[in-house]
Amino acid sequence: MRKIIFLLFLLLIPVVLASKTETTQVLNINDTATVYGKTLTVLSASSTGKLRVSVDGVDGIVRPGVNRTTNINEMYVEILNFTYVDVDYVETILKIIVNLECGDEACNNTEDSVICCTDCGCEGNLKCINNICMKEECVIQADCDDNDPCTVDKCSDTPPRTCSNTPITQCINDDNCCLGICGPENDTDCITVIEEVEEPVQEEEKEVEKTEEVEEKEVEKGVFTEKEKGIAIIIGVALLVVIIGFFIISRK
Ligand SMILES: [Ca+2]
Ligand SMILES: [Ca+2]
Ligand SMILES: [Ca+2]
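Residue numbering for the sequence shown follows numbering that gives the first Met the number 0, beginning at 0 and increasing consecutively.
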């Protein structure tokens, strides 16, 4: 059977040469075919001859049938031959037609961000990767900061960029991480940790000193204590009595 398929494939080669936009491909599950900047991936197949494929991120079903062409994301696909072995293995010959040129740096009338983001770009902060608009998790390493000094934060080098936060497992100087298994003898960050523990005590002492200073300053500025206020009131009342006494005596 495979020989027959191969011979059939050879017979179809002239079709490939005859047209710039038409090609035939022998494909298995997970195989891809790229035609004019657009890529088809075979996702799965059923024993009845149906193929589930993805064209630049858009999924679709291609059904068997003579001259039965299915348009998936501006890629026209027809099953010319189909051999089902099992769920993981098929041999299918597809005729693929693409009536646009994705990758010529011109966003033509028939193209848009879904059909050909390679030429038309993507909306918002999405990025065109392999002709699919997708959101990248990060751009620089700082985008992956998980606020945990004991993980190494990394933004992957190849698109689509994703974050990884790998736990640190060794005692390394100056990485801001002091693991439980590490100490000042083998990790300078553990010395910093000890200093940071002592610091709040010093801060508390400073606070007490500050409060005392404020109280002293308030006394200097003339702010009276409760006791002083009481004495002042008594003296004031006594003076008032004396003045009133003088006033009464002088009237007589
Ligand atoms: Ca184009
Ligand atoms: Ca981290
Ligand atoms: Ca460290």
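Virtual Cβ for every residue (Gly too), placed ideally from N, Cα, C.
Cβ of residue i within 7 Å of any chain C Cβ
i: Arg51; result: The chain inventory of the structure shown lacks chain C, comprising one protein chain alone.
Buried/exposed call for residue i, threshold 16 Cβ in 10 Å
i: Arg250; result: exposed
i: Thr23; result: buried
i: Lys94; result: buried
i: Thr78; result: In the sequence on display, residue 78 carries Ile and not Thr. Result: buried.
i: Glu184; result: exposed
i: Ala231; result: exposed
i: Leu238; result: exposed
i: Asp85; result: exposed
i: Phe246; result: exposed
i: Thr253; result: Missing from the structure shown is residue 253; the chain here goes from 0 to 251 and no further.
i: Val61; result: buried
i: Asn130; result: buried
i: Lys228; result: exposed
i: Ile114; result: buried
i: Glu73; result: buried
i: Asp186; result: buried
i: Pro13; result: In this prediction, Pro13 scores a pLDDT of 38, lower than 50, which makes its location untrustworthy; no coordinate-derived value is stated.
i: Thr91; result: buried
i: Leu16; result: A caution first: Leu16 carries a pLDDT of 37, below 50, which makes its placement in the model unreliable, though a value can still be read off. Classification of Leu16: exposed, given that the 10 Å Cβ count is below 16.
Residue i and residue j closer than 7 Å at C-beta
i: Asp58; j: Thr38; result: no
i: Cys176; j: Ile167; result: yes
i: Ala44; j: Val89; result: yes
i: Cys121; j: Cys106; result: no
i: Tyr35; j: Cys132; result: no
Best match in the options for proximity to residue i [C-alpha to C-alpha]
i: Thr165; options: Asp145, Ile28, Gly229 and Ile242; result: Asp145
i: Leu26; options: Arg67, Asp87 and Val65; result: Asp87
i: Ile295; options: Val236, Ala231 and Cys162; result: Here the chain has residues from 0 to 251 only, and residue 295 is not among them.
i: Asn98; options: Thr109, Thr91 and Cys127; result: Thr109
i: Gln169; options: Pro159, Thr157 and Asp188; result: Asp188
i: Arg160; options: Ile128, Cys101, Leu42 and Cys115; result: Ile128
i: Phe81; options: Glu73, Val65 and Met74; result: Val65
i: Val151; options: Ala141, Glu225 and Ile233; result: Ala141
i: Ser155; options: Asp147, Asp173 and Glu135; result: Glu135
i: Ile96; options: Ile243, Glu21, Ile248 and Gly123; result: Glu21
i: Gly126; options: Thr157, Gly179 and Lys153; result: Per the sequence shown, the amino acid found at residue 126 is Lys instead of Gly. Nearest of Thr157, Gly179 and Lys153 to Lys126, Cα basis: Thr157.
Nearest-angstrom beta carbon gap, residue j and residue i [assumed within contact, 8 Å]
i: Cys149; j: Cys143; result: With a Cβ gap of about 14 Å, Cys149 and Cys143 do not count as contacting.
i: Ile28; j: Val52; result: So it is not a contact: roughly 10 Å between Cβ atoms.
i: Thr40; j: Thr31; result: 5 Å
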